[in-house]
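Chemist:
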Amino acid sequence: MQGSLKPGGYGLLVLPACALLLVFFAYPVFWLLLRSISEPHWGFANFQVLYERSIYLKVLLNTVVISLLVTLCCAVIGYPLAYTMAHGGPRVRRLLTFVVLVPFWTSILVRTFAWMVILQRQGLINDLLLWLGLTERPLALVYNRTGVLIGMTQILLPFMIFPLYSVMLRIDRSCSWAAATLGAPPLRNFLRIYLPLSLPGLMTGGTLVFIVSLGYFITPALLGGQRDIMIAQLIEQQISNFGNWGLAGALSLVLLAGTALCLALVRRFVGGQAPWGRR
Amino acid sequence: MSRSPSPGSTRNRGAMAEGILEIEGLRKQYGPVVAVDGVDLSLKTGEFVTFLGPSGSGKTTTLQIIAGLQSASAGHIRLNGQAIDPLPPHQRNIGVVFQHYALFPHMSIARNIAFPLEMRRVPAAEIRRRVEEALALVGLEGYGQRHPRQLSGGQQQRVALARALVFRPPLLLMDEPLGALDKQLREQMQLEISRLHRELGASIVYVTHDQEEALVMSDRIAVFNHGRIEQIGASEELYERPRSRFVAGFLGESNFFEGRVEALQGELCRIASPAGPLLARRNGDLAVGDPTVVAVRPERLCLLDGSAAGGGGEPENRLEGRVQEVVYLGLSRKYLLRLADGQEVVVRQQAQDAERSGLGPGDLVRLGWRAANANALEVAAGSDEADGKETGQ
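Structure follows, in structure tokens:
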């Protein structure tokens with residue numbers, strides 16, 4: 001496109017998307033959130049319930065802990081993988097990109113059910129462990145926190161890998177060489193040079209994984225146990241089991257506010273940490 | 001030199017007069033590709049040696065092997081008499097300046113320069129003092145708190161230089177450090193690097209493909225070609241007495257006349273060439289009947305106007321040609337001539353002389369040169385002698 005539109009012209013281009021979001025996203029969300037203070041009658045009674053009944057706070061805490069653990073797992077598994085993708089040569093890069101992307105193309109539901117099959121008592125993993133003699137009794141890998149962590153980490157891994165990879169790709173390798181010639185042994189070299197330079201990718205990937213985890217539903221619902229309920233499951237329960245739109249709205253508002261707070265914190269943190277990233 | 005003596009003899013000699021850096025039979029092979037093919041070099045303390053060569057000639061690979069960033073397939077390197085082959089780069093204590101500076105973008109200038117000192121656990125107070133000194137050395141006082149992105153290319157290169165010098169390494173390696181700068185800044189930085197070299201007495205290996213840069217700064221130049229050092233020597237020696245067609249063509253411009261040795265006359269030899277009989281200085285091991293190529297610099301050719309002979313000594317070599325083209329270069333003029341046998345010759349004349357002669361395209365001229373200014377070179381069988389940059393192309 002050679003010419004540029006008049007200032008007002010751009011508004012027309014985004015109008016359809018804006019209209020769609022307004023009607024099918026902003027309005028229903030607003031409507032749900034409004035119910036938190038309008039049902040069963042006007043006031044903050046719903047929030048008082050959330051605050052007073054310890055079960056809600058426990059679920060909230062549980063959600064944050066699981067999300068943090070998933071983020072950590074994704075970082076630990078994703079970082080070396082992204083590093084290999086970024087610096088391992090074109091063939092390795094193509095192969096790994098494919099391997100990371102393939103599961104991305106299959107439905108989350110399918111993948112979660114697959115995990116149920118693999119992780120269950122007579123599943124692939126347990127059979128293998130028993131056969132190898134590494135364990136005497138089948139391990140409880142599913143319908144508990146372990147299952148939720150395994151399933152969510154696998155599903156959210158690409159959200160960590162791709163931001164990391166794109167940042168790593170732009171890191172000047174000669175910086176690491178320079179640090180070596182200046183006397184930095186490998187580990188200090190990594191900690192002082194490469195890690196700080198890849199930090200923006202780690203923060204972006206971590207934020208993505210953490211925020212998506214906070215509101216995750218299918219995987220914890222299918223792979224988790226009764227004691228590892230996350231906030232999204234609670235919202236669903238309130239609506240479909242009890243028809244309690246007011247409490248669901250209040251929980252949604254808490255989730256939304258928490259997510260926004262996390263985003264704001266990370267933005268502030270990354271913005272202050274990486275002045276070299278500004279152009 | 002291009003042919004290495006046996007390893008044993010070099011080792012004995014090295015033990016007697018050990019330089020700061022001794023390289024012996026260095027080779028680097030990537031699969032079937034030989035990047036460095038037997039490089040021998042001895043660098044004296046305080047010497048500035050430039051690796052000059054086209055891209056892919058093995059000069060940067062050699063530098064990286066010295067720094068420890070690549071491993072050699074064969075050969076030995078000694079720094080201050082100590083073998084450094086098994087040492088990883090962080091234990092070699094060699095300063096390296098990279099082409100694109102490789103400053104740490106997330107650290108301030110002061111932290112960048114402090115980095116090698118921190119790695120050596122120098123006390124904080126001394127680090128501060130030495131960082132200030134280093135900044136002053138490269139003329140960047142007061143820039144310590146800025147970040148690399150906030151500096152210009154030339155300033156960034158000065159920081160890289162300060163960072164590589166601040167820990168006082170016995171040897172400094174520079175890999176095309178001025179390649180990313182524009183011409184004016186490059187010339188300024190060349191003088192700056194020369195000044196630092198003099199002031200600090202540093203031993204420097206400098207890699208470039210820019211022959212002018214090599215001539216300006218070096219004590220000695222090593223001309224690289226196909227992973228080997230074709231010739232190593234002082235700038236003047238290399239320019240006036242090149243030993244191969246490649247060196248004569250890569251370092252400055254040369255006219256080449258192919259022929260065969262007819263007779264030897266002491267220092268000189270007589271050559272039969274398609275352009276006519278030539279007399280040239282014998283440069284290398286030439287016998288009667290050997291194929292040879294005569295190299296003459298364009299500025300050593302003089303145009304003989306009409307009947308009058310050129311001033312000074314009578315040129316022993318005389319040819320006739322027709323002017324094809326005149327290129328105005330300010331200080332001088334370049335004439336492209338075509339000889340009777342079709343060969344093209346480039347002549348360079350000072351502005352004054354050129355104005356007096358007033359030659360233009362189509363004019364028939366006589367040209368001549370002294371035998372002492374022409375070099376008859378060995379033509380090695382099987383080597384690609386035509387790789388050098390030749391005149392008229």
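Protein chains in written order, with the UniProt record's numbering: chain A, 1 to 279; chain B, 1 to 393. Glycine included, C-beta positions come from ideal geometry on N, C-alpha and C. Given the structure is predicted, the values throughout are model-derived calculations rather than measurements.
If you reduce the DSSP assignment to three classes, tell me which class residue 355/B lands in.
Modeler: helix
Chemist: Which one or two residues does DSSP pair with residue 367/B in a beta bridge?
Modeler: 303/B, 319/B
Chemist: Please name the residue, chosen from 194/B, 280/B, 319/B, 333/B, that lies closest to residue 340/B on a Cα-to-Cα basis.
Modeler: 319/B
Chemist: Looking at the structure shown, is residue 273/B part of a helix, part of a strand, or coil, going by DSSP?
Modeler: strand
Chemist: 9 Å is my cut-off, CB to CB: does residue 180/A come that close to chain B?
Modeler: With 9 Å as the cut-off, residue 180/A counts as an interface residue toward chain B.
Chemist: Under three-state DSSP, which class holds residue 309/B?
Modeler: Below a pLDDT of 50, predicted positions are generally treated as unreliable, and residue 309/B, at 45, falls in that range; no measurement from the model is reported.
Chemist: When you compare the CB positions of residue 215/A and residue 231/A, do they come within less than 9 Å of one another, or not?
Modeler: yes
Chemist: Under DSSP, the alpha helix (DSSP H) around residue 208/A begins and ends at which residues?
Modeler: 195 to 214
Chemist: Once DSSP output is grouped into helix, strand and coil, what is the label at residue 204/B?
Modeler: Strand at residue 204/B.
Chemist: Do residue 171/A and residue 264/A have their beta-carbon atoms positioned less than 9 Å apart in this structure?
Modeler: no
Chemist: Taking the alpha-carbon of residue 245/B as reference, which of 329/B, 98/B, 379/B, 219/B has the nearest alpha-carbon?
Modeler: 379/B
Chemist: Taking beta-carbon pairs under 9 Å, can you tell me which members of the stretch 192 to 219 of chain A lie near chain B?
Modeler: 192, 193, 196, 197, 199
Chemist: Using CA atoms only, rank isn't needed, just tell me which of 238/B, 80/B, 230/B is closest to residue 219/B.
Modeler: 238/B
Chemist: Mapping the DSSP letters down to three states, classify residue 35/B as helix, strand or coil.
Modeler: strand
Chemist: Three-state secondary structure (DSSP) at residue 119/B?
Modeler: helix
Chemist: Apply the 10 Å Cβ neighbour rule to residue 231/B and answer buried if 16 or more other Cβ atoms are within range, or exposed otherwise.
Modeler: buried
Chemist: Drop a sphere of 10 angstroms on the beta-carbon of residue 350/B, count the other beta-carbons inside from all chains shown, and report buried for 16 or more, exposed for fewer.
Modeler: exposed
Chemist: Count the other CB atoms, across all protein chains shown, that sit within 10 Å of the CB of residue 25/A; report buried if there are 16 or more and exposed otherwise.
Modeler: exposed
Chemist: Starting from residue 231/A, trace the alpha helix (DSSP H) in both directions and tell me its first and last residue.
Modeler: Taken as a continuous stretch (DSSP letters only), the alpha helix (DSSP H) holding residue 231/A covers 231 to 240.
Chemist: Given that residue 102/B touches chain A, what residues does it touch there, using C-beta distances under 8 Å?
Modeler: 172, 174, 175, 177, 178
Chemist: When you check each C-beta in the stretch 45 to 60 of chain B against every C-beta of chain A, which residues fall closer than 7 Å?
Modeler: none
Chemist: Name, going along the chain, the residues of the stretch 63 to 88 of chain A whose beta-carbon falls closer than 7 Å to a beta-carbon of chain B.
Modeler: none
Chemist: What are the residues that DSSP puts in a beta bridge with residue 283/B?
Modeler: 377/B
Chemist: Which residue marks the beginning of the beta strand (DSSP E) containing residue 30/B, and which one marks its end?
Modeler: 21 to 30
Chemist: For residue 184/A and chain B, any beta-carbon pair shorter than 9 Å?
Modeler: Between residue 184/A and chain B, the shortest Cβ-Cβ separation is below 9 Å.
Chemist: Along the chain, which unbroken stretches of the beta strand (DSSP E) at least 3 residues long are found entirely within the stretch 116 to 164 of chain B?
Modeler: For the stretch 116 to 164 of chain B, not one full-length beta strand (DSSP E) segment reaches 3 residues or more.
Chemist: What number of angstroms, rounded off, separates the C-alpha of residue 210/A from the C-alpha of residue 202/A?
Modeler: 12 Å
Chemist: How about residue 284/B and residue 372/B: do their beta carbons lie closer than 9 Å?
Modeler: no
Chemist: Buried or exposed: residue 55/A, going by 16 or more other Cβ atoms within 10 Å of its Cβ?
Modeler: Classification for residue 55/A: exposed.
Chemist: Pull up the CB-CB distance for residue 94/B and residue 77/B, whole angstroms please, since I reckon it's below 8 Å.
Modeler: Incorrect: roughly 10 Å between the Cβ atoms, too far for contact.
Chemist: Could you pull out every residue in the same chain whose Cβ sits closer than 6 Å to the Cβ of residue 98/B, ignoring the five residues on either side in sequence?
Modeler: 175
Chemist: Can you round the beta-carbon distance between residue 365/B and residue 337/B to whole angstroms, since I take them to be within the 8 Å contact cut?
Modeler: 7 Å
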